[in-house]
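J.:
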Amino acid sequence: MVGAKTLTELLSAEGLTVFRGERCLFHGLSFALTEGDSLLVQGQNGCGKTSLLRAIAGLLDLEEGNIRWKGKSIIKYRQDFHSEMVWFAHRVGFKNDLNLLENLSFETALRSTFAGRLDEVLDRLGLTALIELPLRVLSAGQQRRVALARMLLSSARLWLMDEPLTNLDAAGQVLVVEIILDHVRRGGVCVLASHQPIELDAAMQRIELL
Amino acid sequence: MTSSSDPSLWEGFAAVIKRDLLLAFRRPGDILNPLFFFAMVSTLFPLAMGPDPEQLMAIGPGVVWVAALLSGLLSLNSLFLSDLEDGSLDQLILSPQPLPMLTFGKTIAHWLVSGFPLVIISPLIAITYQMPVQTIGVMVVTLTLGTISLSLLGSVGAALTVGLNRGNALLSLLVLPLAMPVLIFGARTVSLAATNDAVAAGIYFLAAYCMLSVSFAPFAAAAALKISNE
Amino acid sequence: MWNFIQKLGSPPHFYGLAAKMIPWFAISGLLLIAYGTIAGLFFAPPDSKQGDAFRIIYAHVPAAYLSMMAYTIMAVTAGIGLIWRMKLAHAVAAAAAPLGAWFTFLALATGSIWGRPMWGTWWEWGDPRLTSELIMLFLYFGYMSLRAAIDDTAKADKASAVLVLVGAVNVPIIHFSVEWWSSLHQGPTLIKKGGPSIDAAMLYPLLGIILGFTLFFGALLLARIRTEVLHRERRTRWVRNMILGEST
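Protein chains in written order, with my numbering: chain E, -8 to 201; chain C, 179 to 408; chain A, 3 to 250.
#1: Under 9 Å between C-beta atoms, does A:Ala156 make it to chain E?
#2: Would you list, in chain order, the members of the stretch 40 to 71 of chain A that have their beta-carbon closer than 9 Å to a beta-carbon of chain C?
#3: So with CB distances below 7 Å, who are the chain C contacts of A:Ser147?
#4: Run the CB neighbour count on E:Lys86, radius 10 Å, all protein chains shown included, and call it buried at 16 or more, exposed below.
#5: Determine, using beta carbons only, whether E:Glu13 comes closer than 9 Å to chain A.
#6: With a 10 Å radius around its C-beta and 16 neighbouring C-beta atoms as the bar for buried, classify C:Ala401 as buried or exposed.
#7: Under 9 Å, Cβ to Cβ, is there at least one residue of chain C near A:Phe143?
#8: Exposed or buried, what is E:Gly107 when buried is set at 16 or more other beta-carbons lying within 10 Å of its beta-carbon?
#9: I need the DSSP call for A:Trp125, collapsed to helix, strand or coil.
#10: Nearest to E:Leu31 by alpha carbon, out of E:Leu121, E:Trp150, E:Gln70 and E:Ala140?
#11: Take E:Gly(-6) and list the residues in its own chain whose beta-carbon comes closer than 7 Å to its own, dropping the five residues that flank it on each side.
#12: Measuring alpha carbon to alpha carbon, tell me which residue in A:Asn243, A:Gly113, A:Thr238 and A:Ile152 is nearest A:Tyr67.
#13: For E:Ala184, write down the residues that DSSP places opposite it in a beta bridge.
#14: Quick one: grab the DSSP three-state call for A:Gln188.
#15: Since E:Arg14 sits in a beta bridge, which residues does DSSP pair it with?
#16: Between C:Leu259 and chain E, is any beta-carbon pair separated by less than 9 Å?
#17: Enumerate, from N- to C-terminal direction, the unbroken beta strand (DSSP E) stretches of 3 or more residues contained entirely within the stretch 20 to 48 of chain A.
#18: According to DSSP, what are the bridge partners of A:Tyr53?
#19: Can you tell me whether C:Met179 is buried or exposed, with buried defined as 16 or more other CB within 10 angstroms of its CB?
#20: Might you give, ordered along the chain, the residues of its own chain that have their beta carbon closer than 8 Å to the beta carbon of A:Met2, omitting 5 neighbours on each side?
#21: Rounded to the nearest angstrom, what separates C:Gly240 and C:Met227 at their Cα positions?
#22: Look at E:Leu144 and E:Leu121 and say whether their C-beta atoms are less than 9 Å apart.
#23: Find the residues of chain C that neighbour E:Phe85, judging by a C-beta separation of less than 9 Å, and give them in chain order.
#24: Using a Cβ-Cβ distance under 9 Å, would C:Pro396 count as near chain E?
#25: Taking the straight line between their C-alpha atoms, what separation do you get for C:Leu222 and C:Pro231?
#26: Rounding to the nearest angstrom, what Cα-Cα distance links E:Met(-8) and E:Arg148 in this structure?
#27: In the structure shown, what three-state DSSP assignment does E:Arg82 receive?
#28: Just list the alpha helix (DSSP H) runs in the stretch 148 to 191 of chain A, keeping only unbroken ones of 4 residues or longer that don't cross its boundaries, in chain order.
#29: Grouping DSSP H, G and I as helix and E and B as strand, with all else coil, what is C:Arg172?
#30: Keeping to the same chain, check which residues put their C-beta closer than 7 Å to that of C:Leu331; ignore five residues upstream and five downstream.
#31: Please tell me whether E:Ala184 and E:Leu7 are closer than 9 Å, where the distance is taken between their beta carbons.
#32: Mind checking A:Arg239: buried by the 16 CB within 10 Å criterion, or exposed?
#33: Beta-carbon within less than 8 Å of C:Val169's beta-carbon, same chain only, minus the 5 sequence neighbours each way: which residues are those?
#34: How would you write the range of the alpha helix (DSSP H) that A:Arg234 sits in, first residue to last?
#35: Where are the alpha helix (DSSP H) runs, 4 residues long or more, that stay fully inside the stretch 194 to 251 of chain C, in chain order?
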């Protein structure tokens, strides 16, 4: 397009191949995401969506291929990559014996967050009344919202989300899509894995795993 | 909207220690069970071997050390298990903080909760074993160094076996060979103290082993955690 | 040179090369063992202090040396496998472990048999070299148990590699223990300042049998690596072609 501003390529992957034991889950996957892009990984349960997402995060070793953030390998520049990404998955990653506030303040010690935003975030997610309760007593849906709080508080540009709609009621699902759209419109990047269809916007890229 | 820059190394380290200590105090059983185990194992030997004071005095250092070792092994299994199960391990690995610092923090918290209480009550055990008073100081020093080494070496074993079926038995098998030098020097040094022989060499060895463990165990444990988490 | 190493890392290439090397290693090894055994048992003069009892050196020293050599090989290949992600390196480590464990056991057993006439005891708990060699046996057991407990081969490779590297500090401890601490076990005879301190007629059979056992160990290791490679690569095309090609 003549005159279009070239956007910096943020997340790129080339030739991704992952094995699970002896089974090849996928082979030769490639994609490139710039600011404001989103990628949806679709497929049935067990097809390797979670493995792809974990591979992008660097939690899983690639058999072949490489992943780059801002042009630099995520393996060699691990800390830089981790500074700019945040992970959302089925296991929410909080301690059941600690209360909401304690859990979220631990997050601020691990990664960079937006200062002074806590009340606003809790309000938006409907969690304000629950902050003193141990996480154990919250429902699965409420725990998911706490995980969303982690995303909203963090200043990371890349959001990796595995099955973001699970365990949420209809209102919750609408809220999640809204939150992701906000992030993407502000120049963030999002990679989602879902067996349910998600419509973000027309520009969303897709990968279908079989 | 201004964001804070990444928290410093020490912020993350301190936060992990604080969090794990908080979790341990919310579940007092985690602290008390290994302690009770330590006390009970120590009573097994006089029960099995008879109350002869000379014999007790001779086996005392060894018994305290073996009991501390076994009790430590018992508590190591849970070091990373809950983090693996609730997904916190993913978050720790993916944080901008260097993982070795975080595993080191968890290990220190583990020692404060499992090793340190043992060191505190060990003088009581020593007295029941008729151990002379001059040995107690040496015993406390060697046990401190030894239980720290054990927590560190144990963190590597725990990281390698977290989430495995029957990982507990395997954990002991992996950690014991590495812990044997600590046991040997620890117990012998206390025995030497009882006969007023020189203890400096043993204490230096334990300190060196401890320093060696501090230098490499967090890195080995971090590497092992990433592998186990795949 | 780098090309050669890369080729070596390719499983089908290594599989073929190893097959050619095994007979050379095995035959030369057995010949040297035969020389060492006969010369050592029948032609070397009896020791001034121990008489004929010293002859167990011809079994004990090769076993002890190989127990440490096997662990060193495992540690080096584990490091290569972890850093450069070479699958074959992990296969070498896996293949070497049971051999190393057996040689460690033999070293301990022959050492114990030697200890009885020499020191009057089958085992000396206070001895640093005996203890560190025993620790190494347990390290081998731990390695093999960890491998067996993890189903996924790649994961087992990486986890056991970390374990081997952590335990590697034990190998120099075994060797230097007799110098650092007072020990019943005699000090170093071969690798020390001033050269070997053993009589020539005893020395040459000893060197011969050490080399012979090393070569034989090499043959055994190569054979085990081939089996390991075959198992790991059982689903690949080159294995299928080889098997189908052979059966027609």
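Using N, Cα and C, we set each Cβ at its ideal position, and we do this for glycine too. These numbers were taken from a predicted model, which means no experiment stands behind them.
T.: Quick answer:
#1: Residue mapping note: residue 156 of chain A aligns to position 154 of the third sequence, counting from 1. True, the Cβ-Cβ gap to chain E drops below 9 Å.
#2: none
#3: Reading the third sequence from its first residue, position 145 is the one you call residue 147 of chain A. Near A:Ser147 (Cβ distances below 7 Å), the residues of chain C are Leu348 and Leu351.
#4: Position 95 of the first sequence, counting from 1, holds the residue named residue 86 of chain E. Buried: at least 16 other Cβ atoms inside 10 Å.
#5: On the first sequence, residue 13 of chain E is found 22 positions in, with the first residue counted as 1. So yes, E:Glu13 belongs to the interface.
#6: Along the second sequence, read from residue 1 onward, the residue named residue 401 of chain C stands at position 223. Buried, because 16 or more other Cβ atoms sit within 10 Å of the Cβ of C:Ala401.
#7: Taking the first residue of the third sequence as 1, we reach residue 143 of chain A at position 141. Yes, its Cβ sits closer than 9 Å to a Cβ of chain C.
#8: Within the first sequence, numbered from 1, the residue matching residue 107 of chain E stands at position 116. E:Gly107 comes out exposed.
#9: By one-based count along the third sequence, residue 125 of chain A stands at place 123. DSSP places A:Trp125 in coil when its eight states are reduced to three.
#10: Residue mapping note: residue 31 of chain E aligns to position 40 of the first sequence, counting from 1. Among E:Leu121, E:Trp150, E:Gln70 and E:Ala140, the Cα nearest to that of E:Leu31 belongs to E:Trp150.
#11: Mapped onto the first sequence, residue -6 of chain E falls at position 3. Any reading at E:Gly(-6) needs caution, since the residue's pLDDT is 47, under 50, leaving its predicted position unreliable; the model's value is listed next. Closer than 7 Å at the Cβ level, and outside the excluded window around E:Gly(-6), lies no residue.
#12: Here the question's residue 67 of chain A lines up with position 65 in the third sequence. The shortest Cα separation from A:Tyr67 among A:Asn243, A:Gly113, A:Thr238 and A:Ile152 belongs to A:Gly113.
#13: Taking the first sequence and counting its residues from 1, one reaches residue 184 of chain E at position 193. In the DSSP output, where bridge partners are listed per residue, E:Ala184 has E:Val32 and E:Asp153.
#14: Counting from one through the third sequence, the residue named residue 188 of chain A turns up at place 186. If DSSP states are grouped into helix, strand and coil, A:Gln188 belongs with coil.
#15: Taking the first residue of the first sequence as position 1, residue 14 of chain E is located at position 23. Paired residue(s): E:Arg11.
#16: Within the second sequence, the letter at position 81 stands for residue 259 of chain C. Answer no: the Cβ-Cβ gap between C:Leu259 and chain E never drops below 9 Å.
#17: none
#18: By 1-based counting over the third sequence, the position of residue 53 of chain A is 51. The sequence shown places Gly at residue 53 of chain A, rather than the Tyr named in the question. As DSSP reads the structure, A:Gly53 sits in a beta bridge with A:Asp49.
#19: Stepping through the second sequence from its first residue, residue 179 of chain C is reached at position 1. In this prediction, C:Met179 has a pLDDT of 49, which is less than 50 and means its spatial position is unreliable; what the coordinates show is noted afterwards. Exposed is the call here.
#20: Chain A is shown only over 3 to 250; residue 2 of chain A falls outside these bounds and no answer can be derived.
#21: One-based indexing of the second sequence puts residue 240 of chain C at position 62. One-based indexing of the second sequence puts residue 227 of chain C at position 49. Cα to Cα, C:Gly240 sits roughly 14 Å from C:Met227.
#22: Indexing the first sequence from 1 puts residue 144 of chain E at position 153. Indexing the first sequence from 1 puts residue 121 of chain E at position 130. For E:Leu144 and E:Leu121, no; Cβs fall outside 9 Å.
#23: Residue mapping note: residue 85 of chain E aligns to position 94 of the first sequence, counting from 1. Per Cβ cutoff of 9 Å: Asp264, Gly265, Ser266 and Gln269.
#24: Here residue 396 of chain C refers to the residue found at position 218 of the second sequence. Judged by the 9 Å Cβ criterion, C:Pro396 is not in contact with chain E.
#25: Locating residue 222 of chain C in the second sequence gives position 44, where the first residue counts as 1. Locating residue 231 of chain C in the second sequence gives position 53, where the first residue counts as 1. Distance between the alpha carbons of C:Leu222 and C:Pro231 is about 15 Å.
#26: In the first sequence, the residue the question calls residue -8 of chain E occupies position 1. In the first sequence, the residue the question calls residue 148 of chain E occupies position 157. Only weak support exists for where E:Met(-8) lies, its pLDDT of 48 falling under 50; the coordinates are left without a value.
#27: In the first sequence, residue 82 of chain E corresponds to position 91, counting from 1. It is coil, neither helix nor strand.
#28: Counting whole runs of 4 or more residues, the stretch 148 to 191 of chain A contains the alpha helix (DSSP H) stretches 155 to 169 and 172 to 182.
#29: Because residue 172 of chain C is not part of the residues shown, which for chain C are 179 to 408, the question remains open.
#30: Position 153 of the second sequence, counted from the first residue, corresponds to residue 331 of chain C. Cβ neighbours of C:Leu331 beyond the five flanking positions: Val353, Leu356, Ala357, Ser391 and Ala395.
#31: Residue numbering aside, residue 184 of chain E sits at position 193 when the first sequence is read from its first letter. Residue numbering aside, residue 7 of chain E sits at position 16 when the first sequence is read from its first letter. E:Ala184 places its beta carbon 9 Å or farther from that of E:Leu7.
#32: Here the question's residue 239 of chain A lines up with position 237 in the third sequence. A:Arg239 is exposed by the Cβ-count criterion.
#33: Residue 169 of chain C falls outside the range modelled here, since chain C spans only 179 to 408, and no answer is possible.
#34: Your numbering for residue 234 of chain A matches position 232 in the third sequence. Run containing A:Arg234: Ala202 to Arg234, per the alpha helix (DSSP H) assignment.
#35: 206 to 227
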